[in-house]
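**Q**
Number of protein chains: 6
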Amino acid sequence: MKYIETLHEGDRISDIYLCKFRQAATTKNGKPYDNLIIQDKTGVLDAKIWDPNSSGIDEFDILDYIEVFGDVTSFQGALQVNIKRIRKAGEGEYNPSDYFPVSSKNIDVMYQEIMVYVNNIKNTYLSQLTKSFFEDNSFEKKFKAHSAAKSVHHGFIGGLLEHTLGVVNLCNYYANAYPVLNRDLLITAALFHDVGKLKEISEFPSNDYTDDGQLLGHIIIGVEILGERIRCIEGFPACLALELKHCIIAHHGELAYGSPKKPALAEALALNLADNTDAKIQTITELFNAAGDNQDWLGYNRLFESNMRKTSI
Amino acid sequence: MKYIETLHEGDRISDIYLCKFRQAATTKNGKPYDNLIIQDKTGVLDAKIWDPNSSGIDEFDILDYIEVFGDVTSFQGALQVNIKRIRKAGEGEYNPSDYFPVSSKNIDVMYQEIMVYVNNIKNTYLSQLTKSFFEDNSFEKKFKAHSAAKSVHHGFIGGLLEHTLGVVNLCNYYANAYPVLNRDLLITAALFHDVGKLKEISEFPSNDYTDDGQLLGHIIIGVEILGERIRCIEGFPACLALELKHCIIAHHGELAYGSPKKPALAEALALNLADNTDAKIQTITELFNAAGDNQDWLGYNRLFESNMRKTSI
Amino acid sequence: MKYIETLHEGDRISDIYLCKFRQAATTKNGKPYDNLIIQDKTGVLDAKIWDPNSSGIDEFDILDYIEVFGDVTSFQGALQVNIKRIRKAGEGEYNPSDYFPVSSKNIDVMYQEIMVYVNNIKNTYLSQLTKSFFEDNSFEKKFKAHSAAKSVHHGFIGGLLEHTLGVVNLCNYYANAYPVLNRDLLITAALFHDVGKLKEISEFPSNDYTDDGQLLGHIIIGVEILGERIRCIEGFPACLALELKHCIIAHHGELAYGSPKKPALAEALALNLADNTDAKIQTITELFNAAGDNQDWLGYNRLFESNMRKTSI
Amino acid sequence: MKYIETLHEGDRISDIYLCKFRQAATTKNGKPYDNLIIQDKTGVLDAKIWDPNSSGIDEFDILDYIEVFGDVTSFQGALQVNIKRIRKAGEGEYNPSDYFPVSSKNIDVMYQEIMVYVNNIKNTYLSQLTKSFFEDNSFEKKFKAHSAAKSVHHGFIGGLLEHTLGVVNLCNYYANAYPVLNRDLLITAALFHDVGKLKEISEFPSNDYTDDGQLLGHIIIGVEILGERIRCIEGFPACLALELKHCIIAHHGELAYGSPKKPALAEALALNLADNTDAKIQTITELFNAAGDNQDWLGYNRLFESNMRKTSI
Amino acid sequence: MKYIETLHEGDRISDIYLCKFRQAATTKNGKPYDNLIIQDKTGVLDAKIWDPNSSGIDEFDILDYIEVFGDVTSFQGALQVNIKRIRKAGEGEYNPSDYFPVSSKNIDVMYQEIMVYVNNIKNTYLSQLTKSFFEDNSFEKKFKAHSAAKSVHHGFIGGLLEHTLGVVNLCNYYANAYPVLNRDLLITAALFHDVGKLKEISEFPSNDYTDDGQLLGHIIIGVEILGERIRCIEGFPACLALELKHCIIAHHGELAYGSPKKPALAEALALNLADNTDAKIQTITELFNAAGDNQDWLGYNRLFESNMRKTSI
Amino acid sequence: MKYIETLHEGDRISDIYLCKFRQAATTKNGKPYDNLIIQDKTGVLDAKIWDPNSSGIDEFDILDYIEVFGDVTSFQGALQVNIKRIRKAGEGEYNPSDYFPVSSKNIDVMYQEIMVYVNNIKNTYLSQLTKSFFEDNSFEKKFKAHSAAKSVHHGFIGGLLEHTLGVVNLCNYYANAYPVLNRDLLITAALFHDVGKLKEISEFPSNDYTDDGQLLGHIIIGVEILGERIRCIEGFPACLALELKHCIIAHHGELAYGSPKKPALAEALALNLADNTDAKIQTITELFNAAGDNQDWLGYNRLFESNMRKTSI
């Protein structure tokens with residue numbers, strides 16, 4: 001397909017894109033037309049349907065994949081597509097990962113790395129619990145496709161997996177370096193710390209907060225998901241269940257960040273540190289990636305409360 | 001029974017008290033003895049077992065109910081019991097409410113008032129849910145006996161019930177006065193808002209934080225209790241379940257107070273206001289009750305961040 | 001009269017509206033004209049005087065009531081009035097409540113409910129004080145017409161009355177439910193808690209902060225108003241005057257919200273809770289009213305620090 | 001008189017001291033006696049009346065001036081007086097400034113410096129207002145004797161005068177250096193900024209918060225005092241009254257410090273800066289004076305949130 | 001020269017201005033042109049080069065001084081210059097102080113006042129240190145030309161000098177009024193408190209944060225500048241050096257304002273008070289100057305967290 | 001030597017201990033004696049010199065190492081030494097690490113691990129800089145012996161080395177896992193991040209804050225130490241020096257924690273995360289070590305703002 005960032009004035013396109021936005025409008029002389037924004041993973045583009053009632057324009061909605069036939073023009077210095085025909089594409093005609101930002105790492109390889117951790121958990125109850133999720137195919141499929149955020153860091157396909165692996169890796173390092181930590185509990189908590197995001201944020205293409213997300217948030221959802229499964233594992237020690245859930249609810253580290261309890265266990269503290277570390281360094285990575293070749297000061301960044309720039313060496 | 005606040009020097013006692021504290025000690029000349037604190041709802045009293053190995057001294061532990069035989073003496077201006085014999089009392093020989101602070105209101109009457117609200121819920125799912133708890137005898141027994149706190153406000157037998165009724169009453173007033181509020185959702189949320197305290201704080205006599213309380217807190221516990229029961233009610237609307245749980249998790253009103261979400265629904269906001277109102281006015285009531293006849297300034301109060309005093313009229 | 005929300009392209013109007021805005025401008029070819037915004041309680045409308053020096057255009061200012069003769073046209077999709085003639089209207093020709101948002105409740109009925117409270121105050125000094133204000137006709141007239149805010153909650157005609165009654169009603173409920181509270185002091189304080197707004201915010205049509213409001217604020221103004229009147233009531237106990245004034249100055253509850261003292265009396269605390277409750281629930285009511293049929297998430301709300309939505313049941 | 005800091009074991013005293021504390025007690029063998037603390041400006045001393053019912057012991061209360069006859073002994077390394085006789089002293093027999101900390105500066109000279117400022121105010125209304133207070137003898141007497149605090153800075157006789165003069169001097173400097181400031185308004189506001197302390201804190205010997213102080217605070221009291229007087233000055237411009245009162249209420253600078261408004265005028269800002277400057281430097285002066293010859297680190301100081309020490313040069 | 005604020009439609013200009021902004025653009029019909037903003041100390045003006053490739057248009061960059069030949073026209077109500085020719089001006093052809101805001105006070109006189117303080121320092125080490133800077137010609141030149149800020153207060157030529165003098169004057173007043181302060185240390189610290197700004201902010205015309213400024217800030221830079229010089233002064237007491245540096249690093253008063261230590265010495269506290277006082281009063285002075293004749297409320301000011309207005313008298 | 005924790009009543013000692021405390025006192029009957037506290041790494045012990053003027057008692061001061069001859073007795077249930085003779089020990093007679101808490105890890109091995117990092121720095125300037133310190137014998141000796149704190153975490157001999165290595169190890173992990181980070185800069189910054197503690201805290205035995213520490217703090221001291229050395233390295237790039245210093249000053253992460261700048265470079269952010277991680281996990285390790293076998297809740301911990309307990313598995 002012709003990616004949006006490669007288009008030039010004068011190109012003719014007939015490819016499938018995601019319809020990100022659509023709104024009916026009227027020209028100054030009263031003629032109706034449609035404003036569209038079409039999207040693929042390389043960017044977005046304004047488009048116009050000047051004859052929305054034409055028979056060549058199929059019915060379609062925002063977030064549908066649509067085959068677009070049209071000409072690329074330039075208006076006030078920006079590219080624009082004049083659309084002649086639109087056809088709603090069927091599932092299978094397109095690959096969603098062409099239309100959304102996606103992890104720069106190999107998703108299957110990352111999942112295999114996750115599975116190595118899962119398979120090394122020695123505590124029989126934690127082992128059963130983690131396998132019951134990560135060996136489940138439908139869970140694997142959803143976990144691989146999910147983002148870890150609407151925007152901010154890891155807001156792309158595979159983002160939840162990449163962030164989870166980053167946190168698990170850090171926790172594994174901590175468990176090696178600091179004997180105070182129980183490896184099995186810490187790795188298990190890290191694997192599940194953001195599992196609630198599967199229900200907090202809807203799948204692509206919308207990738208937006210759900211009612212569950214708005215009303216409960218991924219911390220509470222995660223505890224519910226784990227609690228339900230734990231009840232199915234015979235003999236799961238009550239105290240261990242409490243400690244695992246505590247790590248989940250305390251992983252934001254501060255009440256002000258939405259954790260209803262501060263860390264009260266060493267593993268809860270360590271998980272919070274790992275989550276914070278991976279999130280912050282990924283955020284700065286995305287910030288610098290977005291800056292491209294710009295070696296200069298990037299302006300005040302609200303998240304870091306500082307003007308940021310790339311290092312000179 | 002002879003209540004502690006009525007004892008005088010020279011009295012002989014042979015009554016059942018709660019053993020609040022026990023510690024072995026040694027006199028200056030090396031003789032072992034035991035320091036005790038015994039308690040009933042009117043106060044506490046120091047006691048000594050000068051001959052702990054005597055056959056008259058049964059085995060017993062802290063928080064046991066013990067029948068105490070001894071003489072009331074005076075030491076350095078304070079009363080003290082010299083214990084001759086101790087017998088561990090059996091269940092049924094004593095009434096726990098004689099040994100702990102207890103609500104000044106009639107517990108059965110309060111529960112009946114709660115049931116009027118339960119029976120007036122019109123939404124079939126919320127009605128089933130509330131009845132499944134409040135019509136259950138073992139739940140009723142526990143709910144009536146529980147406190148709402150280790151210390152602070154409502155830290156007495158019947159305290160959870162009294163506070164819950166206070167909040168439900170306020171919510172009922174709000175629902176009458178402000179049409180924006182849905183009565184059924186608000187009353188149900190108020191009935192359950194502190195239900196997690198049944199597991200956060202252990203029953204009397206210990207009335208202390210449990211592992212569940214320390215690691216999860218009553219907000220998360222409450223959501224788990226409701227979630228488990230809701231799954232058993234066929235057809236319970238998913239969105240209604242979310243909204244009810246949201247009211248529970250948001251009822252502290254601020255992230256800094258342990259709510260993982262701020263109120264996002266009118267009923268969640270109203271519940272937070274009612275909880276805060278009943279808690280604050282009860283706290284000042286207990287403060288002024290404790291002050292007795294003192295009409296003067298009571299000194300800086302950390303909770304209210306102010307020096308407080310009773311009003312002159 | 002023809003309300004603004006009912007106008008259509010092609011209508012001819014000859015009605016009285018409020019002039020909300022007026023500014024002289026020049027067309028591209030150098031001709032002077034006037035931009036106006038006219039207002040009634042249903043909305044606002046752009047208007048143009050293309051010939052401002054015409055003899056048909058009377059002299060008038062911003063916030064004058066003006067009779068407008070003109071034609072409704074459409075420009076860039078929005079309605080606009082081309083004004084032919086303007087006449088400044090005299091008092092009596094219009095009813096201000098047609099031009100501003102107004103309480104949805106019956107103002108006279110609300111005032112009668114206030115008077116029931118006033119007449120039930122038993123303390124002779126507080127009774128004299130409240131009657132000296134609320135039985136005064138000119139006070140009644142101003143109190144009925146005032147808003148309780150420039151914007152935010154209760155920012156409409158009758159808003160001060162409606163909010164005061166809401167707070168008094170809550171305080172009456174508290175006085176019944178919590179014996180620690182002195183009813184007379186609490187009701188009196190509630191009646192006067194925002195009386196300073198009569199001078200903090202100017203009357204409609206401007207409904208804006210005055211110099212008094214900017215420099216002192218309604219809390220200090222309220223204390224001055226009460227202090228002046230109390231000096232005229234022989235034998236008014238000094239301590240009671242202090243306690244009443246304290247309730248007024250502490251009713252915002254926190255120094256950060258402009259109260260120079262935190263509540264130090266039970267009634268001051270209760271008044272703060274009532275004020276906060278009525279204000280918050282009214283704010284959410286106005287938010288949801290403004291959302292109309294929108295059952296969806298309304299976006300992040302700065303005041304509630306949350307995304308809000310209406311409840312599903 | 002024999003000052004307390006000069007007493008030694010074996011001295012016999014027969015001098016007038018202030019009774020700071022008195023409490024009845026009982027010896028181990030049941031004999032009643034009285035514990036006293038007596039005070040003069042150099043310190044405090046424990047004292048015992050071993051025979052409180054003796055005819056030599058007059059009736060007296062805490063904060064009375066008492067003539068004490070007794071012997072200085074040593075108990076557990078500290079001095080103590082065994083009192084034989086006590087006589088309540090009459091007014092005129094003692095000079096209160098012998099019994100309380102007192103300004104190290106000449107009080108009369110400071111008042112004369114204040115009067116120079118008063119006499120230089122050019123605005124006729126502000127001039128009338130300041131003279132109506134500072135030329136009044138009874139006001140002068142109270143103003144000279146008052147402290148500016150119960151403890152913290154300037155908590156001594158003449159403290160209110162010394163602090164007021166310090167602030168006025170700074171404001172005078174500001175008015176010279178920064179033309180944006182109106183001298184008359186600023187000097188007047190500085191003269192009156194803490195006038196409310198005359199009623200917030202009771203006179204020596206008690207020097208403690210009054211009901212007025214607890215319930216209203218010196219900011220509100222100050223505004224009331226000025227408002228009452230302004231009403232007596234014919235033609236006092238309303239706007240000038242507002243501006244003066246604003247300076248008073250905003251002089252703490254932050255809502256969190258009890259100002260119901262932040263400074264909105266240049267003079268209000270300047271007054272806040274002057275008040276803060278004089279208070280902070282005086283506090284550090286008192287801290288270093290109390291440290292005597294100690295050139296070392298004095299330990300963490302809560303007010304300055306720092307470990308403090310004297311400078312080496 | 002013809003200052004920008006004096007230009008009218010129809011004027012022809014041929015004067016030197018600073019080029020503040022330049023960007024290439026294209027007309028609707030594809031013709032390239034340049035957008036410029038030119039600046040002098042009286043304001044800024046839009047300008048267009050319609051024929052950027054003309055031989056009359058010299059090469060030049062942003063922040064160059066350029067001689068502009070063109071005609072003043074009016075576009076959409078605003079003035080604009082159509083530029084015919086541009087010539088880059090050489091150093092000496094223009095006076096930078098014509099192009100930037102400049103202190104309203106006499107810079108040479110202010111420096112002389114600084115020198116009086118320098119010459120009165122009695123401590124031999126502090127005297128050597130201050131003279132080594134302020135008697136140095138190249139330092140003097142830079143110090144006189146520098147601003148004290150990019151924007152906010154004293155953001156003009158001579159601003160660093162004016163602010164430093166303001167702070168030194170205040171410190172001199174403090175040293176007279178409060179004996180706890182050591183004059184030599186305080187005056188020296190005041191003279192150098194913002195010396196780091198010479199490297200934190202680049203010189204005019206850019207007057208912007210440097211890498212040093214972004215990465216270290218003027219507090220750290222100032223300590224480095226002093227430390228380097230102190231090492232060259234034989235026998236400079238180590239403790240005195242520490243105390244001077246402490247005053248520099250603590251002069252913002254709060255960790256939250258970028259001081260790594262809170263004031264621990266009386267002089268550090270006094271310097272913080274002086275810095276804060278001069279900065280705040282200057283800020284309000286600039287605010288009111290910018291308001292011109294406007295005697296009305298100026299709207300909410302974020303720095304002062306208040307709506308501000310000029311005083312009525 | 002006989003360690004303090006192994007002593008029993010009746011033992012006779014003649015060993016070298018550290019004198020932690022000494023104070024002259026007087027018995028009830030007026031005889032002078034000395035109170036001492038003696039210390040080794042296993043604990044502290046009260047001691048008395050009943051005859052301080054005896055010829056057997058050498059001159060010595062607090063923090064001297066003293067050979068103590070005496071008998072262990074028991075007083076009120078606690079051990080105590082009655083000292084007969086004291087001799088001040090000479091350097092070489094004792095090993096300081098017997099008298100203070102010391103890292104549980106091998107100090108020489110840790111230093112070798114540090115040196116591996118030092119030797120792997122590729123950037124020539126950073127390599128020269130790190131080697132100039134870590135290859136210096138006197139620096140090595142001091143660095144190995146220093147603590148990283150007066151109390152809190154790593155407050156023992158070797159603590160600065162252990163903490164530095166912990167942080168460097170984490171940074172090394174980050175540099176492997178996150179390509180956005182420059183390894184050389186990050187490792188160098190980690191090696192030096194707390195180098196200022198060498199002057200902020202005095203060496204054992206006192207291990208207390210110095211004047212440098214109180215007035216400047218280890219962040220500023222560290223920057224000075226690095227700056228001085230960098231000036232000696234020819235050609236050290238100015239920008240690299242800034243970036244390294246920035247990492248040092250920003251490593252506390254927040255202004256409120258004493259960093260005068262928030263992290264503006266990825267490496268500064270990473271260093272802050274590593275420092276925080278090692279400090280927090282070490283703190284919890286020390287907390288749990290101090291708790292010994294206690295598996296129960298340890299009570300509210302101010303640093304973690306939570307009640308803490310060891311994990312059950």
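Chains as they are written, first to last, in the UniProt record's numbering: chain A, 1 to 313; chain B, 1 to 313; chain C, 1 to 313; chain D, 1 to 313; chain E, 1 to 313; chain F, 1 to 313.
Positions of the beta carbon are idealized from the N, C-alpha and C atoms, including for glycine.
What does Q214 of chain E reach in chain I if we use C-beta pairs closer than 8 Å?
**A** Protein chains in the displayed structure are A, B, C, D, E and F, and chain I is not among them.
**Q** F100 of chain D: buried (16+ other C-beta within 10 angstroms of its C-beta) or exposed?
**A** Looking at its Cβ environment, which holds 16 or more other Cβ atoms inside 10 Å, F100 of chain D is buried.
**Q** So which of E:F192, E:L79 and E:H153 has the shortest CA-CA distance to N289 of chain E?
**A** Considering only alpha carbons, the answer is E:H153.
**Q** What separation, rounded to the nearest whole angstrom, lies between the Cα atoms of L181 of chain E and T188 of chain C?
**A** Distance between the alpha carbons of L181 of chain E and T188 of chain C is about 53 Å.
**Q** Just tell me which of C:D184, C:G10, C:D293 and C:S312 has its CA closest to the CA of L79 of chain C.
**A** Ranking C:D184, C:G10, C:D293 and C:S312 by Cα distance to L79 of chain C puts C:G10 first.
**Q** Just to confirm before moving on: does the CB-CB distance between L36 of chain F and A47 of chain F stay below 9 Å?
**A** Result yes, Cβ atoms of L36 of chain F and A47 of chain F sit closer than 9 Å.
**Q** Can you grab the Cα-Cα spacing for the pair I13 of chain D / F69 of chain D, in whole Å?
**A** Each residue's Cα considered, the two are about 6 Å apart.
**Q** Should A256 of chain A be labelled buried (16 or more other beta-carbon atoms within 10 Å of its own) or exposed?
**A** By the neighbour-count rule (16 or more Cβ atoms within 10 Å), A256 of chain A is not buried but exposed.
**Q** Give me the Cβ distance between residue 314 of chain A and F156 of chain A, rounded to the nearest whole Å; I'm assuming they're in contact under 8 Å.
**A** The requested residue 314 of chain A does not occur in the structure, where chain A is confined to residues 1 to 313.
**Q** Using Cβ-Cβ distances below 8 Å, what residues of the segment 3–26 of chain A are close to chain C?
**A** Within the segment 3–26 of chain A, the qualifying residues are T26.
**Q** Under the DSSP definition of a beta bridge, which residues are partnered with D34 of chain B?
**A** Paired residues: B:A24 and B:I49.
**Q** Apart from the five residues just before and just after F134 of chain A, which ones in its own chain have a Cβ nearer than 6 Å to its Cβ?
**A** The answer, listed in chain order, is V118.
**Q** With DSSP as the reference, identify every bridge partner of S74 of chain C, one or two as the case may be.
**A** In DSSP, S74 of chain C forms a bridge with C:L79.
**Q** Grouping DSSP H, G and I as helix and E and B as strand, with all else coil, what is I62 of chain D?
**A** Reduced to three states, the DSSP call for I62 of chain D is coil.
**Q** Should Y257 of chain D be flagged as near chain E, meaning a C-beta pair shorter than 9 Å?
**A** No, because no Cβ of chain E sits closer than 9 Å to the Cβ of Y257 of chain D.
**Q** By the 7 Å beta-carbon criterion, what residues does the segment 222–249 of chain A contribute toward chain F?
**A** Per Cβ criterion, the list reads C239, L240 and E243.
**Q** Once you ignore the five residues that flank T277 of chain C on each side, which residues in its own chain have a CB closer than 7 Å to its CB?
**A** Contacts found: L170.
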